[in-house]
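Okay, structure first, notes after.
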Amino acid sequence: MKPTQFFKHLSKAPLLGKSAYVFSLEQTTKELDIRALNQELESLQPKAQAIPTKKPPKSVDLHIEELTPNPQGMSNSAMLKLQLEVFEKNLDQAIASGMDEITFIHGLGNGVLRKEIHRHLSQLGNIKYFQDTQKDQWGYGATLVKIS
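Residues 49 to 196 (our numbering) make up the sequence shown, in order.
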């Protein structure tokens with residue numbers, strides 16, 4: 049097949065409804081009943097069930113003492129990994145449940161967790177903005193996230 053012929057096959061995919069390169073594998077495809085094939089495919093696909101999303105609290109404390117009962121034996125990287133996992137899980141739940149804002153309490157320390165949280169938030173498209181929040185309550189140790 050020549051490249052010019054390949055690019056001429058760009059069209060809407062029948063089942064996906066998205067733009068795709070569609071090629072006929074057999075000449076007998078026109079003879080088949082497309083509706084019957086679609087019904088057969090739909091019956092073979094597992095039905096997606098809606099999983100209820102649990103709404104997280106409006107403020108999530110990421111201090112390691114709140115997340116694990118015995119943090120003494122953990123390395124710094126293991127602690128950071130656990131804190132980021134809890135952060136991502138709660139952020140995903142907040143987005144999925146339709147919350148418009150959530151606060152993550154990370155504390156001051158060296159700022160490693162805060163920097164990682166802000167880096168992650170800056171890469172997401174469904175975040176309106178994030179900022180240090182409620183300095184009277186948590187100092188500079190919390191981040192408010194506004195979800196769009």
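Note that CB positions come from ideal geometry on N, CA and C, so glycine has one too.
- For residue 137, the enclosing alpha helix (DSSP H) starts and ends at 124-144.
- The distance from the Cβ of residue 156 to that of residue 134 is about 18 Å, inconsistent with a contact at the 8 Å cut-off.
- For residue 109, the pairing in a beta bridge is given by DSSP as 153.
- Inclusion of residue 107 and residue 153 in the CB contact set at 9 Å is warranted, their separation being smaller than that value.
- Residue range 190-195 is occupied by the beta strand (DSSP E) that includes residue 190.
- Proximity to residue 159 across 101, 110 and 54 peaks at 110, based on C-alpha coordinates.
- Spanning the alpha carbons of residue 59 and residue 67 requires a straight line of approximately 6 Å.
- Around the CB of residue 92, fewer than 16 other CB atoms lie within 10 Å, so the residue is classed as exposed.
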